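Peer 1: Provided herewith is a single structure, encoded as structure tokens, for subsequent inquiry.
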Amino acid sequence: MATPTIDKFLTEIAGILREKNATQLRDYMVLEPPLPPLYNQIVSELKTSYPVFNQAPLEAKCKEFIPEYEESEEGGSWTSFITFLLKYFTFLRDVNVEQLVETHDMLKSLLNQCILALSASTGLVVLPTVISLSRTLARLAIGLDKRPDLIAHLTRRESTSGTEEAGERVTLVESSANVIREAFKKCLSERSGNASGLDRSGQPEGRRMGIYLTANLCLKLFFHCRKLRSAEQIFGNIYQQSPPLARFPASQRVTFLYYLGRYHFANSHFYRAQLALQAAYSQCHLKCLKQRRLILIYLLTANMILGRFPSTHLLHRPESQGLQEAFEPFCRCIAKGDLATFRRLTNLESENAEWFLRKRILLQISNRCEVLLWRSLARRTFMLSGFQGDTTNKKAPTLDLQDVLTLATLLERRALGLDNKPKSTKRPEHTNSIFMAKPTPAPEPEDPQGYIDPDLAGAMEPSGPDLPNIDTVESIITSLVDQDLLHGFISHKSLKFAITGSKATGALAAGFPNVWQVISGKFDDEVPGWVREQTSSGLGRGAAGPGMVVNLSGARPVGAASA
């Protein structure tokens with residue numbers, strides 16, 4: 001039976017392959033509904049002339065128009081592409097878009113074959129098609145993950161078929177990311193061209209053009225399913241083999257730096273996180289408000305943990321709409337050392353707790369910012385009751401830890417609502433026992449204490465509110481000194497904190513140094529995962545490596561003195 005539409009389609013595909021027009025090839029590989037009329041005609045001819053049970057005639061039809069080997073000086077094989085094209089026709093013929101899970105499986109299989117075609121010597125022409133299919137698969141996987149009713153049977157099947165030795169269950173989203181990761185590996189392991197991976201104009205060469213496109217799709221899926229270990233492998237591979245990030249388009253740079261910042265944030269490397277997020281925010285286009293806002297949420301949080309609060313100007317930018325109401329209360333209470341307000345804001349029942357939890361930043365704020373809050377509380381106590389020092393008698397400024405405990409206890413009681421209960425002035429009533437009926441004893445349980453672990457036998461249960469004591473305060477102040485957030489020493493005998501170096505700058509400046517300056521001074525600007533341009537010829541990272549020639553003509557013998 002005649003198939004004029006399929007013949008025309010294959011003729012045009014053959015011409016595209018001869019011209020190596022990768023963009024046009026991607027545009028011809030249409031998948032998503034609604035299909036154009038031409039593709040509906042192709043589907044009709046496929047169902048009529050090439051039924052499901054016999055693929056051989058369809059494969060022969062593809063080989064009729066596309067030779068298995070390229071007729072040119074470079075040569076090359078189209079065998080894997082023909083197999084991909086056969087799978088593409090099969091997808092168009094058999095797919096039922098109402099069955100999303102089956103569609104996902106078919107699309108994943110199609111992408112697998114397309115990646116195999118990418119691996120061939122002629123595979124560069126397929127790269128845009130791989131990216132397009134990967135984006136479609138990523139969208140479908142995330143959409144299915146938001147419909148647990150559609151994938152419940154997959155979860156049950158995987159949980160019952162798995163064993164304890166098999167490790168953690170691979171979700172549908174992660175399985176999709178693993179397929180796209182194969183494309184990422186093909187792009188990263190490109191060996192054509194020079195060792196730098198750049199052409200004469202300084203742009204990524206060959207399949208390397210797809211490194212960050214495929215990596216960003218993988219990272220999107222891994223972060224969605226919270227598989228940070230898999231994301232770590234992506235960052236590690238890029239850090240070792242990729243050309244500099246600055247050589248790639250801005251959209252790819254911004255997306256990659258956003259996920260890199262999120263990764264370091266999740267691993268509590270907040271200084272590295274803010275470096276990556278700041279670069280992403282600075283390079284993101286001003287009109288991309290949604291993307292700038294998403295970056296800004298984590299950038300604000302990282303900076304707040306590092307002791308650097310946002311300016312009013314930043315919080316009034318278009319992308320900051322609503323963020324001032326969320327972050328400003330935290331900044332105020334941290335600066336004041338207001339434990340009561342901080343406890344209320346970090347409570348799971350607070351107004352914005354659900355939003356902070358959804359962004360996965362509440363626990364970091366609660367745990368990390370409390371350190372800064374205690375520093376502010378100590379500073380506030382010193383300003384109220386601390387000894388400011390006596391230069392005449394050479395006495396250092398001191399802070400009594402008992403005063404810190406008093407203020408901290410007051411604020412903790414306020415947070416627990418214990419100081420607002422009015423004391424009763426009514427005299428207690430004393431009822432004569434002769435007018436009281438004898439109470440009926442309640443039946444004793446068979447085991448009044450229940451099961452008690454031997455390790456906990458005899459342990460006292462805490463009673464009353466969990467308020468700080470002097471040991472807690474002493475431990476916290478010691479920790480702040482150890483982190484260089486307080487400058488001085490503690491007299492454990494007299495329970496006082498003494499400030500050193502106050503003669504030059506004053507007690508407050510010497511004893512309570514700037515948090516941001518202290519923390520940033522402990523780190524360099526190296527961010528693992530971020531490949532930057534080489535700025536020096538020294539023996540730093542990337543100066544020499546496997547396969548590179550090192551000139552040793554001027555090297556001296558070991559132990560020789562310098563000239």
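According to full-length UniProt numbering, the sequence shown is numbered sequentially starting from 1. C-beta atoms are modelled at their ideal positions from N, C-alpha and C, and glycine is treated no differently. Predicted, not measured: the structure shown is a model, and the values here were computed from it.
1) Return yes when the Cβ of residue 305 is within less than 8 Å of the Cβ of residue 369, no when it is not.
2) Any idea what DSSP makes of residue 192, helix, strand or coil?
3) How about residue 29 and residue 132: are their beta carbons less than 8 Å apart?
4) Taking all protein chains shown into account, do 16 or more other C-beta atoms lie within 10 angstroms of the C-beta of residue 343, making it buried, or fewer, making it exposed?
5) Jot down the residue ranges of each uninterrupted beta strand (DSSP E) in the region 222-290, minimum 3 residues, whole runs only, in chain order.
6) Using the rule of at least 16 other Cβ atoms within 10 Å of the residue's Cβ for burial, across every protein chain shown, is residue 378 buried or exposed?
7) Assuming residue 244 and residue 533 form a contact by the criterion Cβ under 8 Å, report the distance between their Cβ atoms to the nearest whole angstrom.
8) For residue 263, is the classification buried or exposed, using 16 other Cβ atoms within 10 angstroms of its Cβ as the cut-off for buried?
9) So, is residue 583 buried or exposed, given that buried needs 16 or more other C-beta atoms within 10 angstroms?
10) Candidates 472, 116, 242 and 499: which alpha carbon is nearest residue 82's?
11) Which same chain residues, not among the five before or five after residue 39, have their C-beta less than 8 Å away from its C-beta?
12) Just checking, does the region 398-417 make contact with the region 467-474 on the three C-beta pairs under 8 Å criterion?
13) Could you have a look at residue 509 and say whether DSSP puts it in helix, strand or coil?
14) Cα-Cα, which of 11, 114 and 267 is closest to residue 364?
15) Which residue wins for smallest C-alpha separation from residue 484, given the options 458, 517 and 505?
16) Judging by CA-CA distance, which residue of 505, 490, 219 and 102 is the nearest neighbour of residue 529?
17) Okay, do the region 225-244 and the region 310-324 touch, 3+ Cβ pairs below 8 Å being the bar?
18) Among 17, 390 and 213, which has the Cα closest to the Cα of residue 85?
19) Could you check which residue in 179, 122 and 152 has the C-alpha nearest to that of residue 107?
20) Just how far apart, CA to CA, sit residue 8 and residue 292?
21) What residue from 236, 504 and 418 has the CA that sits closest to residue 467's CA?
22) Which of helix, strand or coil does DSSP assign to residue 491?
23) Comparing alpha-carbon positions, which option in 503, 493, 401 and 371 lies nearest residue 519?
24) Just checking my contact of residue 210 with residue 187 at CB under 8 Å: how many whole Å lie between their CB atoms?
25) Does the region 191-202 come within contact of the region 242-257, defined as at least 3 CB pairs closer than 8 Å?
26) Look at the alpha carbon of residue 496 and the alpha carbon of residue 390, and state the distance between them as a whole number of angstroms.
27) Which of the three DSSP states is assigned to residue 451 in this structure?
28) In chain order, what are the residue ranges of uninterrupted beta strand (DSSP E) at least 3 long that sit wholly in the region 349-427?
29) Answer with buried or exposed for residue 233, where buried requires no fewer than 16 other C-beta atoms within 10 angstroms of its C-beta.
30) Which residues does DSSP list as the beta-bridge partners of residue 28?
31) Taking the alpha carbon of residue 258 as the reference point, which residue from 318, 314 and 282 has its own alpha carbon closest?
32) At which residues does the alpha helix (DSSP H) containing residue 499 begin and terminate?
33) Give me the residue from 60, 279, 287 and 334 with the minimum Cα distance to residue 308.
Peer 2: Based on what the coordinates show:
1) For this step, residue 369 is matched to residue 369 along the sequence shown. For this step, residue 305 is matched to residue 305 along the sequence shown. Cβ atoms of residue 369 and residue 305: closer than 8 Å.
2) As a first step, residue 192 must be located in the sequence shown, where it is residue number 192. In the structure shown, residue 192 sits in coil (DSSP, three-state: anything other than H, G, I, E or B).
3) For the purposes of this step, residue 29 is taken as residue 29 along the sequence shown, with counting starting at 1. For the purposes of this step, residue 132 is taken as residue 132 along the sequence shown, with counting starting at 1. In this structure, residue 132 lies closer than 8 Å to residue 29 by Cβ.
4) Here residue 343 is taken as the residue at index 343 of the sequence shown, counted from 1. By the neighbour-count rule (16 or more Cβ atoms within 10 Å), residue 343 is buried.
5) none
6) Working through the sequence shown from its first residue, we reach residue 378 at position 378. That one is buried.
7) In the sequence shown, the residue the question calls residue 244 occupies position 244. In the sequence shown, the residue the question calls residue 533 occupies position 533. The Cβ separation is near 5 Å, so the contact holds.
8) Here residue 263 corresponds to residue number 263 of the sequence shown, with the count starting at 1. Its Cβ being crowded by 16 or more others within 10 Å, residue 263 is buried.
9) Here the chain comprises residues numbered 1 to 563, so residue 583 is not present and cannot be evaluated.
10) The residue labelled residue 82 in the question sits at position 82 within the sequence shown. Considering only alpha carbons, the answer is 116.
11) Walking along the sequence shown from the start, residue 39 turns up at place 39. Excluding positions up to five away in sequence, the list reads 30 and 92.
12) The region 398-417 vs the region 467-474: in contact.
13) Reading the sequence shown from its first residue, position 509 is the one you call residue 509. Here residue 509 carries a helix assignment [DSSP, helix/strand/coil].
14) Within the sequence shown, the letter at position 364 stands for residue 364. When each option's Cα is compared against that of residue 364, the closest is 267.
15) Taking the first residue of the sequence shown as position 1, residue 484 is located at position 484. Considering only alpha carbons, the answer is 517.
16) As a working note, residue 529 is residue 529 in the sequence shown. Taking only the C-alpha atoms, the option nearest residue 529 is 219.
17) no
18) As a first step, residue 85 is located in the sequence shown; it is residue number 85 there, counting from the start. Nearest C-alpha to residue 85: 17.
19) Here residue 107 is taken as the residue at index 107 of the sequence shown, counted from 1. Here the closest residue by C-alpha is 179.
20) As a working mapping, residue 8 is identified with position 8 in the sequence shown. As a working mapping, residue 292 is identified with position 292 in the sequence shown. Computed Cα separation, rounded: 45 Å.
21) Counting from one through the sequence shown, the residue named residue 467 turns up at place 467. Nearest option by C-alpha distance: 418.
22) Here residue 491 corresponds to residue number 491 of the sequence shown, with the count starting at 1. Correct three-state label for residue 491: strand.
23) Here residue 519 refers to the residue found at position 519 when the sequence shown is read from its first residue. Per the Cα distances, 371.
24) Against the sequence shown, residue 210 aligns to sequence position 210. Against the sequence shown, residue 187 aligns to sequence position 187. Correct: roughly 4 Å between the Cβ atoms.
25) yes
26) Start at 1 with the first residue of the sequence shown, and residue 496 comes out as number 496. Start at 1 with the first residue of the sequence shown, and residue 390 comes out as number 390. Rounded to the nearest angstrom, the two C-alpha atoms are 16 Å apart.
27) Stepping through the sequence shown from its first residue, residue 451 is reached at position 451. It is coil, neither helix nor strand.
28) 398-400
29) If you number the sequence shown from 1, residue 233 lands on position 233. Exposed.
30) As a first step, residue 28 must be located in the sequence shown, where it is residue number 28. In the DSSP output, where bridge partners are listed per residue, residue 28 has none listed.
31) Your numbering for residue 258 matches position 258 in the sequence shown. Selected option, being the one with the closest Cα: 282.
32) Taking the first residue of the sequence shown as 1, we reach residue 499 at position 499. Here residue 499 belongs to no alpha helix (DSSP H); instead the beta strand (DSSP E) covers 496-499.
33) As a position in the sequence shown, residue 308 is number 308, starting the count at 1. If we check each option's Cα against that of residue 308, 334 comes out closest.
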